[in-house]
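2 protein chains.
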Amino acid sequence: MITIQDVAKAAGVSVATVSRVLNNHPSVSEKTREKVQRTIDQLNYQPNLLGRNLRRSETKMILVLLQNIANPFYSKIVKGMEDVGYKNGYHIMICNTDSDPIKENAYLKLLKNRLVDGVVFMAPVISDEELTEISKNYCVVQCCEYKEFADVSSVSIDNEAAAYKATQHLISQGHRRIGLINGNSGIISESQREKGYKRALQEAGIEIDSQLIMYDSYGYRGGQRAAKYFLSIDKRPTAIFAVSDIIAIGAIKEIKEKGLSVPKDMAVVGFDDTGIASMYDPPLTTVAQPRYDLGRVTMEIMLERIRNNEAESKRVFLEHSLIIRESTVG
Amino acid sequence: MITIQDVAKAAGVSVATVSRVLNNHPSVSEKTREKVQRTIDQLNYQPNLLGRNLRRSETKMILVLLQNIANPFYSKIVKGMEDVGYKNGYHIMICNTDSDPIKENAYLKLLKNRLVDGVVFMAPVISDEELTEISKNYCVVQCCEYKEFADVSSVSIDNEAAAYKATQHLISQGHRRIGLINGNSGIISESQREKGYKRALQEAGIEIDSQLIMYDSYGYRGGQRAAKYFLSIDKRPTAIFAVSDIIAIGAIKEIKEKGLSVPKDMAVVGFDDTGIASMYDPPLTTVAQPRYDLGRVTMEIMLERIRNNEAESKRVFLEHSLIIRESTVG
DNA sequence: TTGTATGCGTTATCAC
DNA sequence: GTGATAACGCATACAA
Chain A
41 MITIQDVAKA AGVSVATVSR VLNNHPSVSE KTREKVQRTI DQLNYQPNLL GRNLRRSETK
101 MILVLLQNIA NPFYSKIVKG MEDVGYKNGY HIMICNTDSD PIKENAYLKL LKNRLVDGVV
161 FMAPVISDEE LTEISKNYCV VQCCEYKEFA DVSSVSIDNE AAAYKATQHL ISQGHRRIGL
221 INGNSGIISE SQREKGYKRA LQEAGIEIDS QLIMYDSYGY RGGQRAAKYF LSIDKRPTAI
281 FAVSDIIAIG AIKEIKEKGL SVPKDMAVVG FDDTGIASMY DPPLTTVAQP RYDLGRVTME
341 IMLERIRNNE AESKRVFLEH SLIIRESTVG
Chain B
41 MITIQDVAKA AGVSVATVSR VLNNHPSVSE KTREKVQRTI DQLNYQPNLL GRNLRRSETK
101 MILVLLQNIA NPFYSKIVKG MEDVGYKNGY HIMICNTDSD PIKENAYLKL LKNRLVDGVV
161 FMAPVISDEE LTEISKNYCV VQCCEYKEFA DVSSVSIDNE AAAYKATQHL ISQGHRRIGL
221 INGNSGIISE SQREKGYKRA LQEAGIEIDS QLIMYDSYGY RGGQRAAKYF LSIDKRPTAI
281 FAVSDIIAIG AIKEIKEKGL SVPKDMAVVG FDDTGIASMY DPPLTTVAQP RYDLGRVTME
341 IMLERIRNNE AESKRVFLEH SLIIRESTVG
């Protein structure tokens, strides 16, 4: 392996000078710079960044912790992070926690062992206190989901307002009995979206019926189960608001299988505007999150924090929008 | 920051001994081991792996280069890699090349700069020769897609056989005019699947009609465009074999919009058995790749190669299966 | 403008 | 079984 020593020797300069050339240090004469650069090219020298990392005590690497990359919701967000990172010489490392505290903890070692310069939590399972504590010593940003009582920066949409808008849309279509299919994993968006749903009903003078609120796992099956239940009860709802597109699609599938039609017999709203929403039959009305920007802004805040460790934590909320498609309007 | 020096001092031993404890070296007396471990715990010492990495000249990190993680096809594969890596103390780093040679090249710097111990190519854009060259100096494995003439290990399914089986299934349903929607990005699976499609037709005594072979980008729109074309020609096909689920779904959407029914008027087969295949209406007949295992075996071969740099390159083919759903059978 | 020398935190070789 | 010490490859303070 060719090291900076070899280059120095071959070019007839000191390693310090080679290092300066590598790092574009201004105090190198044009002549030596050229000479060194030529030698670097000739030897096809590739600096060993392990040495640099140790010396500088940084890796230009950001850890992104998410539940599971298989979730199509994440891909564009990650893309946003990656693009910003790439432009600034940072790389990102995605790790699936499977919502397992043991795995999450194992990955946090990467931070404590200095292998990454910062960590983005997309669905922290760690406690608010621990998170705050970690943030004191390391660079941490939360994205989409966040711990309400942790003093750690976060980037997300206003989930309450988004759910409010989605529910209001159903009300505006004449629906009075509206079912909610919520997740059951205890993340903050769940309670926020439920709040928004309830506020919309209340403002429209519709009584909240706990029979119409279901909790299930995020996924196709969860949607099917919930829909099956809604179709089975006495005063069945005429519309459903599901907190994810996949849940919504599971619900639609179940409704269609019962020989009913969406939206005529049952309108359905999803959440996230993942690819499948526009492709499904019928295309799904859903809340679009600015996914790329969520990732972009998260990474920007991360880099800011890395550059200025004293930066105050902040909560950033980006704009969402309701995309109306044929699953709610005839 | 607490270093191994601090621990040594506090425990009244040398750094060598602390290092031995950290690495579970056998030649440490139980007494000292305990003493050192206690000090480590007390000080909450976290070894700085940058030092270790430099010293050992390894990072226990594997780079995975893929076109775009947004493609749902990848997620389970990556999971398989991650699980095997995790068990062996390795982490993986996923980077999107967007099929851009410049980006791919930039990421390969991670390899040359020693920041990763190996690289998995999921869709190499680099030439066969360059790939072979890199593989001489670094640990490289290809997954799913591979360069035919590169002397580099690969793990994939037998795409020719899979396409043959899919086409045969359509023939067995009585179809004689079968359209193929192929990708147009020049990856090896495309030509292999086209071969399999043609072989099935030939063996059934069906003439190959170049009018029935379309090339378009992987994606919903590509499927729509191709289906629109197939529906417009004189002797329209009665079945379509698409080389990806998303293409197939785009095609189905187009067919349904024309008021036709799947599979009655047009049967459709997809490829990959991504999540959407079973969720779509109608559920999609498709070729399932053993995605988790593809990732798992790829990583196993990678670790093998890392441990024994002299290992010969090999081509591994895993079993696929045709999953028959309602998009082809009434 | 350039070179010398030191240290980043760790592991591993060699003595004892 | 343990300690002293020399690397690993690089960046940088200081000297020249």
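As they're listed, the protein sequences go chains A and B.
Residue numbers are given in our numbering: position 295 of the first sequence equals residue 335, and the series is strictly consecutive.
Residue numbers are given in our numbering: position 311 of the second sequence equals residue 351, and the series is strictly consecutive.
Glycine included, each C-beta is placed from N, C-alpha and C at the ideal position.
*Does P112(B) have its Cβ less than 7 Å from a Cβ in chain A?*
yes
*Which term fits K119(A), buried or exposed, when burial requires 16 or more other beta carbons within 10 angstroms of its beta carbon?*
buried
*For the stretch 301–335 of chain A, enumerate the residues whose C-beta is nearer than 7 Å to any C-beta of chain B, in chain order.*
I316, M319, D321
*asked:* Let's see if you can read the secondary structure: which residues bound the alpha helix (DSSP H) around D172(B)?
replied: With the sequence shown as reference, residue 172(B) is identified as Thr, and Asp is not the correct amino acid for it. Run containing T172(B): 168–177, per the alpha helix (DSSP H) assignment.
*Is DSSP giving Y237(A) helix, strand or coil here?*
Y237(A): helix per DSSP, three-state reduction.
*In DSSP terms, what R95(A) is bridged to*: When DSSP reads this structure, R95(A) sits in no beta bridge, so it has no partner.
_To the nearest angstrom, how far is the alpha carbon of C135(A) from that of Q107(A)?_
8 Å
*Whether V302(B) touches I280(B) by CB criterion (7 Å)*: No, they are not a contact pair.
*For N199(A), which residues from the same chain have a beta carbon less than 6 Å from its beta carbon, with the 5 sequence-adjacent residues on both sides left out?*
S229, Q232, R233
*Interface partners of Q86(B) on chain A, CB under 7 Å*: K152, N153
*Under the three-state DSSP convention, the category M101(B) falls into*: strand
*Any beta-carbon of chain A closer than 7 Å to the one on L362(B)?*
Against chain A, the CB of L362(B) has no partner CB under 7 Å away; the residue lies outside that interface.
_Less than 8 Å between C-beta atoms, sequence neighbours within five positions excluded: which residues of the same chain meet that for P112(B)?_
So the list reads T314, G315, I316, once near-sequence residues are dropped.
*Taking T325(B) and T368(B) to be in contact with their CB atoms under 8 Å, please state how far apart those CB atoms are, rounded to whole angstroms.*
4 Å
*Measure from the alpha carbon of P330(A) to the alpha carbon of each residue in E359(A), S353(A), N222(A), then state which is nearest.*
E359(A)
*Counting Cβ pairs closer than 8 Å, one from the stretch 140–151 of chain B and one from the stretch 73–91 of chain B, do we hit at least three?*
no
*Within-7 Å CB hit, M133(A) to chain B*: yes
*Using the beta-carbon of each residue, which ones in chain A are nearer than 9 Å to S59(B)?*
Contact of S59(B) with chain A by beta-carbon distance below 9 Å is absent, the smallest such distance being about 15 Å.
*Span of the alpha helix (DSSP H) around M319(A)*: 315–319
*asked:* Run through chain B and tell me which residues come within less than 7 Å of S115(A), C-beta to C-beta.
replied: I109, A110
*Of all the options S97(A), T207(A), C179(A), which has the alpha carbon lying nearest to the alpha carbon of N349(A)?*
C179(A)
*asked:* Using only CA atoms, which one of Q182(B), K75(B), E98(B) lies nearest to M342(B)?
replied: M342(B) has its Cα closest to that of Q182(B), out of Q182(B), K75(B), E98(B).
*Could you say which of S97(A), N93(A), S167(A) lies nearest to Y186(A) if we only look at CA atoms?*
S167(A)
*Counting along the chain, where does the alpha helix (DSSP H) carrying R78(B) start and finish?*
70–83
*Over the uninterrupted alpha helix (DSSP H) stretch that includes M342(A), give me the two end residues.*
It spans 331–347 - the alpha helix (DSSP H) in which M342(A) sits, taken as one unbroken run.
_Whole-angstrom distance between D256(B) and I227(B), CA atom to CA atom_ = 13 Å
*Count the other CB atoms within 10 Å of the CB of H65(A); is the residue buried (16 or more) or exposed (fewer)?*
exposed
*Rank L94(B), T137(B), N93(B), K127(B) by C-alpha distance to the C-alpha of L105(B) and give the top, closest one.*
T137(B)
_V283(A) and A206(A) closer than 7 Å at C-beta_ = no
*Where V302(B) falls: helix, strand or coil (DSSP)*: The answer is coil: DSSP assigns V302(B) none of H, G, I, E or B.
*Please compile the residues from chain B whose C-beta is within a distance smaller than 8 Å of the C-beta of I289(A).*
M319
*Can you grab the Cα-Cα spacing for the pair Y269(B) / H215(B), in whole Å?*
19 Å
_What does the Cβ neighbour count give for G299(A), buried or exposed, with the cut at 16 atoms within 10 Å?_
exposed
*Determine the contact status of I253(B) and L220(B), defining contact as a CB-CB distance below 7 Å.*
yes
*Express the C-alpha separation of V55(B) and S115(B) in angstroms, rounding to a whole number.*
43 Å
*Are L90(B) and R154(A) closer than 7 Å when you measure CB to CB?*
yes
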